[in-house]
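A.B. asks: Residue numbers (the numbering used here), protein chains in the order written: chain A, 79 to 371; chain B, 79 to 371; chain C, 79 to 371; chain D, 79 to 371. Virtual Cβ for every residue (Gly too), placed ideally from N, Cα, C. It should be emphasised that the depicted structure is a prediction, and the values quoted were computed from it without experimental measurement.
Number of protein chains: 4
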Amino acid sequence: MNIGFIGLGHMGNPMARNLLKHRHTLKVFDVMPDLMKALTDLGASHTTSASKCAEDVDVVITMLPSSPHVRSVYLRDGVLSGAAAGTLLIDCSTIDPHTARDVAFEALAKKFNMVDAPVSGGTGGAEAGTLTFMVGGDMADFEKAKPILECMGKNIVHCGGAGNGQVAKICNNMMLAIEMIATAEGMALAAKLGMDPKVFAGIANTSSGRCWSSDTYNPFPGVIDSAPASRGYSGGFGSDLMLKDLTLVTEAAKSAKQPVMLGAAAQQLYQLHSSNGHGGLDFSSIIKLYKKD
Amino acid sequence: MNIGFIGLGHMGNPMARNLLKHRHTLKVFDVMPDLMKALTDLGASHTTSASKCAEDVDVVITMLPSSPHVRSVYLRDGVLSGAAAGTLLIDCSTIDPHTARDVAFEALAKKFNMVDAPVSGGTGGAEAGTLTFMVGGDMADFEKAKPILECMGKNIVHCGGAGNGQVAKICNNMMLAIEMIATAEGMALAAKLGMDPKVFAGIANTSSGRCWSSDTYNPFPGVIDSAPASRGYSGGFGSDLMLKDLTLVTEAAKSAKQPVMLGAAAQQLYQLHSSNGHGGLDFSSIIKLYKKD
Amino acid sequence: MNIGFIGLGHMGNPMARNLLKHRHTLKVFDVMPDLMKALTDLGASHTTSASKCAEDVDVVITMLPSSPHVRSVYLRDGVLSGAAAGTLLIDCSTIDPHTARDVAFEALAKKFNMVDAPVSGGTGGAEAGTLTFMVGGDMADFEKAKPILECMGKNIVHCGGAGNGQVAKICNNMMLAIEMIATAEGMALAAKLGMDPKVFAGIANTSSGRCWSSDTYNPFPGVIDSAPASRGYSGGFGSDLMLKDLTLVTEAAKSAKQPVMLGAAAQQLYQLHSSNGHGGLDFSSIIKLYKKD
Amino acid sequence: MNIGFIGLGHMGNPMARNLLKHRHTLKVFDVMPDLMKALTDLGASHTTSASKCAEDVDVVITMLPSSPHVRSVYLRDGVLSGAAAGTLLIDCSTIDPHTARDVAFEALAKKFNMVDAPVSGGTGGAEAGTLTFMVGGDMADFEKAKPILECMGKNIVHCGGAGNGQVAKICNNMMLAIEMIATAEGMALAAKLGMDPKVFAGIANTSSGRCWSSDTYNPFPGVIDSAPASRGYSGGFGSDLMLKDLTLVTEAAKSAKQPVMLGAAAQQLYQLHSSNGHGGLDFSSIIKLYKKD
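1. Would you kindly report the start and end of the unbroken alpha helix (DSSP H) that includes residue 261 (chain B)?
2. What does residue 350 (chain B) reach in chain C if we use C-beta pairs closer than 8 Å?
3. Is the shortest distance between the beta-carbon of residue 144 (chain D) and the beta-carbons of chain B less than 8 Å?
4. Can we say the region 103-117 of chain B touches the region 292-307 of chain A, given the rule of at least three CB pairs closer than 8 Å?
5. Hey, is the region 88-107 of chain D in contact with the region 86-94 of chain B, meaning 3+ C-beta pairs nearer than 8 Å?
6. Any C-beta of chain D within less than 7 Å: which residues of the region 329-350 of chain C qualify?
7. Check this for me: beta carbons of residue 174 (chain A) and residue 326 (chain A), under 8 Å apart or not?
8. Quick one: what does DSSP say residue 208 (chain D) is sitting in, helix, strand or coil?
9. Pick from D:172, D:158 and D:251: whose alpha carbon is nearest that of residue 187 (chain D)?
10. Could you please give the first and the last residue of the uninterrupted alpha helix (DSSP H) stretch that includes residue 321 (chain C)?
11. Does the distance from the CB of residue 169 (chain B) to the CB of residue 195 (chain B) come in under 8 Å?
12. Counting along the chain, where does the beta strand (DSSP E) carrying residue 236 (chain B) start and finish?
13. Can you pull the chain B residues whose beta carbon is under 7 Å from the beta carbon of residue 172 (chain D), in chain order?
14. With 8 Å as the threshold, decide whether the Cβ of residue 363 (chain C) is near any Cβ in chain A.
15. Beta-carbon within less than 8 Å of residue 162 (chain C)'s beta-carbon, same chain only, minus the 5 sequence neighbours each way: which residues are those?
16. To be precise: take each residue of the region 293-313 of chain D, compare its Cβ to all Cβ atoms of chain C, and keep it if any distance is under 7 Å. Which residues remain?
17. Could you work out which residues of chain C lie near residue 228 (chain D), taking near to mean beta carbons separated by less than 9 Å?
18. Enumerate, from N- to C-terminal direction, the unbroken beta strand (DSSP E) stretches of 3 or more residues contained entirely within the region 137-211 of chain D.
19. Between residue 178 (chain A) and residue 125 (chain A), what straight-line distance do the alpha-carbon atoms span, to the nearest angstrom?
20. By the criterion of Cβ-Cβ separation under 7 Å, what are the contact partners of residue 175 (chain A) in chain B?
21. For residue 100 (chain B), which three-state DSSP category applies?
22. Assign residue 251 (chain D) to buried or exposed, taking buried as 16 or more other Cβ atoms, counted over all protein chains shown, within 10 Å of its Cβ.
23. In terms of alpha-carbon separation, which member of B:130, B:106 and B:176 lies closest to residue 145 (chain B)?
24. When the Cβ atoms of the region 274-286 of chain B are set against those of the region 350-369 of chain A, are three or more pairs found closer than 8 Å?
25. Three Cβ pairs or more, each shorter than 8 Å: is that satisfied between the region 296-309 of chain A and the region 246-266 of chain B?
26. Measuring only the C-alpha atoms, how far is residue 61 (chain D) from residue 137 (chain D)?
27. Under a Cβ-count criterion, where at least 16 other Cβ atoms within 10 Å of its own Cβ denotes burial, should residue 221 (chain B) be classed as buried or exposed?
28. Using only CA atoms, which one of D:355, D:104, D:328 and D:120 lies nearest to residue 226 (chain D)?
29. Suppose the cutoff is 6 Å on Cβ atoms and the five residues either side in sequence are ignored; what does the same chain contact list for residue 64 (chain C) look like?
30. Beta-carbon of residue 217 (chain D) versus every beta-carbon of chain C: anything under 8 Å?
31. Would you mind sorting residue 218 (chain C) into buried or exposed? The rule is 16 or more other CB atoms within 10 Å of its CB.
32. Who are the near neighbours of residue 258 (chain B) in its chain, counting only those whose CB is closer than 7 Å to its CB and skipping five residues on each side?
33. So which residues of chain A does residue 81 (chain B) contact, with C-beta pairs closer than 9 Å?
34. Tell me the DSSP secondary structure of residue 123 (chain B) in three-state form.
35. Residue 353 (chain D) CB to nearest chain B CB: under 8 Å?
Laid out in structure tokens, this is it:
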């Protein structure tokens with residue numbers, strides 16, 4: 079299939095490479111020309127604008143850093159003006175649901191089919207082609223997008239209409255952030271009160287306190303060998319990326335006039351953690367607020 | 079075996095009955111004589127004080143409402159003066175670890191063997207004999223207590239030395255409370271932003287946001303048929319009981335000079351929920367702060 | 079002086095009337111034509127667009143509900159295209175400092191002099207001409223704006239360069255919101271612990287706990303006769319308006335990567351209060367979270 | 079007058095010295111004999127127990143570090159057994175209102191007159207004899223205590239019945255702590271957003287955001303020359319002392335089943351600040367959470 083791919087950062091690069099591996103024909107675009115080189119070396123053709131990248135393809139995929147970028151690339155720089163009516167548009171950026179719905183609405187008005195399809199799984203999942211895609215849009219468009227997304231991920235979930243991919247992503251990540259802090263507080267307190275951290279984790283993980291952050295990604299060093307906590311919080315999902323998602327979700331909550339008391343507290347704690355200089359560490363390093371090394 | 083059982087409230091009553099079912103010989107005591115009747119009808123003998131209840135038995139089990147009660151029953155009213163040296167003492171109350179260690183220390187000084195063994199599983203688990211016991215104390219004492227606890231529960235976990243049963247219980251429940259609120263906030267926000275709650279729960283539960291509160295005990299009505307949320311938040315584990323545990327754990331954190339930012343926020347939110355008149359509902363009803371009926 | 083006034087809501091209307099009282103010549107514009115009638119009845123001339131309202135005047139004053147409105151009225155609907163170079167532009171809206179600086183920057187590039195001048199004092203102060211104006215912009219522009227602002231207010235403060243009027247307004251209001259909640263918590267707790275609220279207020283107000291919310295605008299009914307608390311929380315500064323300012327300030331903090339832990343908590347508590355149906359009551363009614371009637 | 083003074087720490091020492099200056103006859107006691115030496119050098123007589131210190135005096139004054147000490151000194155070590163009926167008992171310790179009322183109740187039962195009279199003003203106020211005393215107890219006892227307290231302070235306030243001195247003290251200090259953090263967040267944000275801190279403080283202090291923490295004790299260095307912020311946060315009222323008061327007040331709130339959302343958050347933030355190693359600095363140093371040096 080002919081695919082235009084826009085946005086070749088840490089996530090976009092391995093995603094585009096996986097499309098090439100599945101023998102799709104790729105045109106790429108990024109505002110930083112250097113980022114295109116790695117893909118053209120592998121057989122993609124480069125273009126000089128988002129609009130050009132969207133011409134004469136069956137599918138356009140975008141992977142951009144924020145809502146204003148998405149708005150700009152689709153509405154101003156011209157995916158919607160460059161692409162032919164009927165082109166399937168897949169936005170994999172994590173942005174606020176409101177913007178996702180605005181852009182989808184304008185795309186629909188111009189006879190495009192569009193889905194929002196934010197991912198989870200990090201750069202590791204992008205490399206391995208094991209990302210999860212949370213997809214918002216019509217069922218028919220979801221069905222069309224699915225085989226393409228399966229070149230890059232292994233878990234493709236339909237979340238309902240336009241914008242719902244974003245809703246699922248940011249609400250899940252809000253829960254994740256709060257649960258990670260809950261685990262950090264529980265582990266640090268149990269240790270301070272004299273319990274062996276591994277014993278406590280074992281109990282919580284077979285009891286009502288268990289969560290992904292405690293049983294799979296425990297923030298206490300030495301509890302889970304494969305977790306970032308056991309290698310100095312390197313790799314993984316950066317604290318500043320979590321902060322970005324928490325900022326998105328608390329914004330969305332404000333617009334929806336919905337209280338999220340612990341979500342807002344989590345956003346603040348990650349801001350504090352970032353201000354302390356730890357934004358580049360895996361998000362489980364939030365335990366540093368609670369446990370001095 | 080000859081067992082003295084002290085404290086016959088909602089939890090103590092079914093626990094004592096399970097001991098009778100396993101053909102243990104029971105002496106019982108409660109400050110409210112009426113509570114003893116239900117057990118003496120089933121074959122237990124009644125006594126007139128904690129001290130008397132502790133005489134001439136192999137094991138003393140206590141199930142009391144708070145730290146001052148435990149201190150009083152063991153140190154003043156006299157389990158330690160009534161019982162013969164060598165008697166195994168099992169305190170199943172949920173209290174602060176500091177008190178648990180104080181009492182165990184005095185028991186040890188008088189040549190008793192003592193374990194703290196708080197439970198989780200609620201009155202349902204007590205009736206069914208499926209409680210979890212988190213046990214703090216010497217391994218030898220744990221081994222002695224285990225067959226007796228197995229008459230009342232199915233999961234008997236050794237948590238380390240004296241007081242560690244309490245540490246495990248309250249730290250687990252702090253994580254649980256925060257994760258329940260996280261789930262309530264995530265579910266309510268996803269719904270407010272236009273997603274089907276069941277679809278969102280399905281996604282979170284196969285992703286990094288999953289926790290016991292989302293996949294087993296979801297607070298959003300209709301998502302899990304067997305959860306209290308689907309029957310008006312009746313039954314289950316009461317909000318005021320969760321508030322009591324949060325009060326214990328935040329106290330323990332203060333004594334240990336350990337920050338628990340979200341734990342303290344959870345304690346406050348459950349206090350607010352209780353002040354709103356919902357203390358008697360299952361603790362998953364905290365979602366009422368976020369979702370108007 | 080010839081003045082164009084844009085935005086005639088609850089605040090704009092009395093502000094414009096005070097300018098007429100001081101014998102300024104007024105052109106007015108509002109997207110809702112009805113709102114202009116009250117002013118044209120008093121001698122103002124009406125116009126059909128923001129751009130037209132800005133033509134042939136010495137000064138343009140705007141009083142708009144949010145950042146997008148300000149952006150639109152100045153940059154798209156055309157104050158900057160309608161007005162002659164050299165016209166003094168005064169924006170009295172409360173918006174985020176970032177937008178204020180963007181618009182001021184574009185105004186400067188087109189040879190306009192612009193100040194941001196958000197107000198405090200509410201509709202009461204607007205009627206009485208006793209508003210406080212917090213003004214951001216060059217000292218020379220501040221001096222030019224001052225005599226005009228003095229027709230509408232009594233306290234005209236220079237806060238530094240462009241956008242600083244907004245910074246002063248929203249940072250002050252964040253402090254105010256937190257201090258109001260502090261007062262509500264302190265008053266409600268003192269009363270619950272058995273103290274006479276008036277006696278406690280008297281002590282706090284002569285001690286280190288004093289603040290404007292406790293000594294001038296106390297949220298406990300009956301403590302200060304002239305405060306909204308003593309008349310059912312009617313009048314005053316609405317909770318939803320405080321929520322709007324808290325939303326602005328927490329946004330600004332996020333953009334600046336600055337933690338505001340209690341500010342974010344205050345934003346959430348006002349959101350909860352609003353969700354409880356009290357958004358229309360004076361912001362001191364936040365005490366309803368702490369004290370049942 | 080003959081006075082027995084028990085508890086000669088940093089506060090008790092200068093308070094006792096001021097009583098000697100006013101030519102009262104003093105007997106003193108402290109569990110650390112060295113602390114008595116400074117007073118006996120000045121003419122006080124030393125005693126060997128709290129009970130003995132309370133014999134044959136008109137008034138007993140206690141200044142102790144915590145609730146258990148007060149309980150012990152009055153009820154176990156024997157002020158109530160040593161003193162003659164009718165002796166006036168004045169407890170200047172800051173403790174929880176519940177303990178204060180318990181001890182007062184037992185004193186009353188034994189025909190003593192007792193008031194609780196916690197202080198504010200710090201060691202500086204104790205040295206200078208300018209403390210504020212918040213007094214709980216009968217008006218008649220307050221009148222008797224007043225001339226004695228006036229030897230040590232300049233502001234003697236009657237707060238109502240037994241325990242109300244403690245209520246006033248801890249509720250005021252909870253408001254103070256929250257307002258200090260509010261000021262720290264507002265000042266740090268205004269500065270980060272580009273405003274001169276002194277200019278912002280000047281505006282807030284003449285507006286609705288003003289409070290004692292902003293206009294008298296501003297936490298931003300250089301804003302108020304005489305404040306601890308302008309001398310490296312030395313002297314003043316230590317963060318760990320504020321943490322102690324916040325712990326007391328959140329305890330009292332829990333017992334009273336009263337939510338104090340920001341009070342609990344303030345307790346946590348001071349705990350975090352203390353864990354960061356700043357417990358010995360003045361409590362305005364909490365701004366270090368928000369502003370890197």
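C.D. replies: Result, derived from the coordinates:
1. 242-270
2. 367
3. no
4. no
5. no
6. 330, 331, 334, 336, 337, 338, 339, 340, 341, 343 and 347
7. yes
8. coil
9. D:158
10. 317-333
11. yes
12. 231-236
13. Under the 7 Å cutoff, chain B gives no residues; its nearest Cβ is about 16 Å from residue 172 (chain D).
14. no
15. 133 and 134
16. none
17. Within chain C, no residue comes near residue 228 (chain D); the closest Cβ sits about 17 Å away, beyond 9 Å.
18. 137-140, 166-169 and 191-194
19. 25 Å
20. 271
21. coil
22. buried
23. B:176
24. no
25. no
26. The shown model of chain D, from 79 to 371, leaves out residue 61 (chain D), and the question about it has no answer.
27. exposed
28. D:104
29. Because chain C here runs from 79 to 371, residue 64 (chain C) falls outside it and cannot be looked at.
30. no
31. exposed
32. 291, 297, 361, 362 and 364
33. The contacting residues do not exist; residue 81 (chain B) stays about 26 Å from chain A at best.
34. strand
35. yes
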